[in-house]
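Reviewing the structure listed below.
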Amino acid sequence: MAGILIIAHAPLATALRDCIAHIYGGVPARIGCIDVQADSDPVQVMAFAHAELARLKEENGAIVLTDMYGATPANIAGQLAKVADVRVLAGANLPMLVRAVCYRTLPLDKLVDKALSGGAKGVHEVAAGTPPPPSEVGCGACAPIPPEPCPRTRPT
């Protein structure tokens, strides 16, 4: 089961993790988050990110989700792509995270495809009378993974 690390501008990483906890009735195992504050030292955040990734990474690797390509959190996350069996995805949103949680037992390349697809399919203009989304936007028949307590993972 791949580990998932969310690195984003504060408070987005924690908010995404808390949303997944709401959906699953608790934080699923091997999910961590790092909120990058405006005054965070990137060197300290990078050290913390490496430690978090080591804690979360499983036999089929880990994915790192980040919010905005080119911004400080994404630049920090991008450095983690140098680690073996780690993939970094920018443009994180809740549908992407739901897909990542649902399909994290797949091989890493397939997991990345599912997460990217979920993120893209989850973006729509919603107008009055818009029909409900097709089931493939979320994770379909994917059952929640039993929760494991997860401490808040903010660098100080």
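Going left to right, the sequence shown walks through residues 1 to 156 as the numbering used here numbers them. Positions of the beta carbon are idealized from the N, C-alpha and C atoms, including for glycine.
From the DSSP secondary-structure annotation, give me the bridge partner or partners of residue i.
i	result
Ile63	Ile4 and Arg87
Cys102	Paired residues: none, contrary to the question.
Pro107	Note: Pro107 sits in no beta bridge, so no partner.
Between which two residues does the beta strand (DSSP E) holding residue i run?
i	result
Val123	It is not in any beta strand (DSSP E) - Val123 carries neither H nor E in the DSSP assignment.
Gly32	Ile31 to Val36
Which residue wins for smallest C-alpha separation from residue i, given the options the options?
i	options	result
Asn60	Asp41, Val123 and Ala2	Ala2
Ala29	Pro132, Lys57, His50 and Asp39	Lys57
Leu106	Ala90, Asp85, Gly91 and Ala92	Asp85
His22	Leu108, Val98 and Met46	Val98
Val123	Gly129, Ala92, Val101 and Leu108	Ala92
Excluding sequence positions up to five away, which residues of its chain have a Cβ less than 7 Å from the Cβ of residue i?
i	result
Cys19	Leu94
Ala77	Ile7, Val64, Thr66 and Val88
Ala10	Asp35, Val36 and Gln37
Thr72	Val36 and Pro42
Which same chain residues end up closer than 6 Å to residue i when comparing Cβ atoms and leaving out the 5 residues on each side of it in sequence?
i	result
Cys33	Ile6, Ala13, Thr14, Arg17 and Thr153
Met96	Ala115, Gly118 and Gly119
Ala81	Val88
How would you write the range of the alpha helix (DSSP H) that residue i sits in, first residue to last?
i	result
Asp18	Leu12 to Tyr24
Val43	Pro42 to Leu56
Pro73	Thr72 to Leu80
Can you name, in chain order, every residue of its own chain whose Cβ lies under 8 Å from the Cβ of residue i, other than the five neighbours on each side?
i	result
Lys110	Tyr103
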